[in-house]
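S.K.: According to UniProt numbering, the sequence shown is numbered sequentially starting from 1.
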Amino acid sequence: MGMLEGKVAIVTGAGGGLGECHAKLLAHEGASVVVNDLGGSRDGTGAGNDMADQVVADIKAAGGNAVAHYGNVTVEDDAIGMVQTAIDNFGQLDFFIANAGILRDKSFKNMTQDMWDAVINVHLLGTYLTVKAAYNQMLIQESGGSIVVTSSTSGLLGNFGQCNYGAAKAGIAGFARCLFQEGLKYGVRVNVLAPAAWSRMTEDLFPQDQNMEELMSPAKVSPLVVYLGSDEA
1 MGMLEGKVAI VTGAGGGLGE CHAKLLAHEG ASVVVNDLGG SRDGTGAGND MADQVVADIK
61 AAGGNAVAHY GNVTVEDDAI GMVQTAIDNF GQLDFFIANA GILRDKSFKN MTQDMWDAVI
121 NVHLLGTYLT VKAAYNQMLI QESGGSIVVT SSTSGLLGNF GQCNYGAAKA GIAGFARCLF
181 QEGLKYGVRV NVLAPAAWSR MTEDLFPQDQ NMEELMSPAK VSPLVVYLGS DEA
């Protein structure tokens, strides 16, 4: 029996990279998974169903249980809708992973407010709206739960050309530390990850090196996510 047998999880930004690895390993460990992805490009433009649908198809082909959700994490109704998708399909929500993100890197000298707003909205507002919807559902269920949000080394240590991204990720870390204290009252665990992984988001930020790509595989982060959603955490 898997570590997450009988649990229901939502992963945002699960159409690729870290989110895809999380969703697939959660399903492998027995969770029923809502695979959320807007299906846009790395900079947040565009949308489509193919990315989420492919991950769901892969999970089902491997014997897992999953359903797609294509909503935008920056839209409150979509955030509520993804939680409702979990309830409608699987009857509950036990585990929520806020992973959706975009990049619009530019030196601060050349950064525009549009670049700032887009990144802050997807990462920080998107985390707030989706976690709010998930947290509220966990309180209604009165059976606790687990929430994992995604920060970054850029937010904790800094990185050239990522003032918008770093500010958003630092904000997420602070948000998680505060919500952790509130969640204790209701048995809702809150953790923050700050991974550095090779994915569509980061592939041109690191040297093009096969060993580096293997060392920084997003699949190496997902086992920790599984543990944080399990009853062992």
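Each residue gets a CB set at the ideal place from its N, CA and C atoms; glycine is no exception.
What you are looking at is a predicted structure, and each value in this text was computed from that prediction instead of being measured.
Counting beta carbon pairs with one atom in the region 143 to 159 and one in the region 176 to 188, are three or more of them shorter than 8 Å?
M.R.: Output reads yes: the region 143 to 159 touches the region 176 to 188.
S.K.: How close, in whole Å, do the beta carbons of T45 and A79 come, if the pair is a contact with beta carbons under 8 Å?
M.R.: Actually they are not in contact, since the Cβ atoms of T45 and A79 sit about 20 Å apart, beyond 8 Å.
S.K.: Using only CA atoms, which one of T127, G166, C163, D43 lies nearest to F175?
M.R.: It is T127 whose Cα lies nearest to the Cα of F175.
S.K.: Could you give the distance in angstroms between the alpha-carbon of N89 and the alpha-carbon of A23?
M.R.: Cα to Cα, the separation comes out at about 16 Å.
S.K.: Alpha carbon to alpha carbon, how far is S152 from V8? Give it in angstroms, no decimals.
M.R.: The straight-line gap from Cα to Cα measures roughly 26 Å.
S.K.: What are the start and end residues of the beta strand (DSSP E) that includes H69?
M.R.: Looking at the DSSP string, the run of the beta strand (DSSP E) that includes H69 is 65 to 69.
S.K.: Skipping 5 residues on each side, what residues in its chain have a beta carbon closer than 6 Å to that of D94?
M.R.: Closer than 6 Å at the Cβ level, and outside the excluded window around D94, lie K7, V8, G145.
S.K.: Check R177 in the structure and name its three-state DSSP category.
M.R.: R177 falls in the helix class under three-state DSSP.
S.K.: Taking 8 Å as the cut-off, does the region 60 to 72 touch the region 31 to 40 (at least 3 CB pairs, one atom from each stretch)?
M.R.: Yes, they touch.
S.K.: Name the two residues that bound the continuous beta strand (DSSP E) containing S32.
M.R.: Residues 32 to 36.
S.K.: Work out the CA separation of T85 and C21 for me, nearest whole Å.
M.R.: Approximately 21 Å, taken between the alpha carbons.
S.K.: If we count the other Cβ atoms within 10 Å of its Cβ and call it buried at 16 or more, is A98 buried or exposed?
M.R.: By the 10 Å Cβ count, A98 comes out buried.
S.K.: Just tell me which of V149, E182, D77, L18 has its CA closest to the CA of L139.
M.R.: Cα-wise, what sits closest to L139 is E182.
S.K.: For the region 160 to 171 and the region 115 to 127, state whether three or more C-beta atom pairs, one from each stretch, are separated by less than 8 Å.
M.R.: With the cut-off at 8 Å, the region 160 to 171 and the region 115 to 127 touch.
S.K.: Could you tell me which residues DSSP pairs with S146 in its beta bridges?
M.R.: Partner(s): F95, R189.
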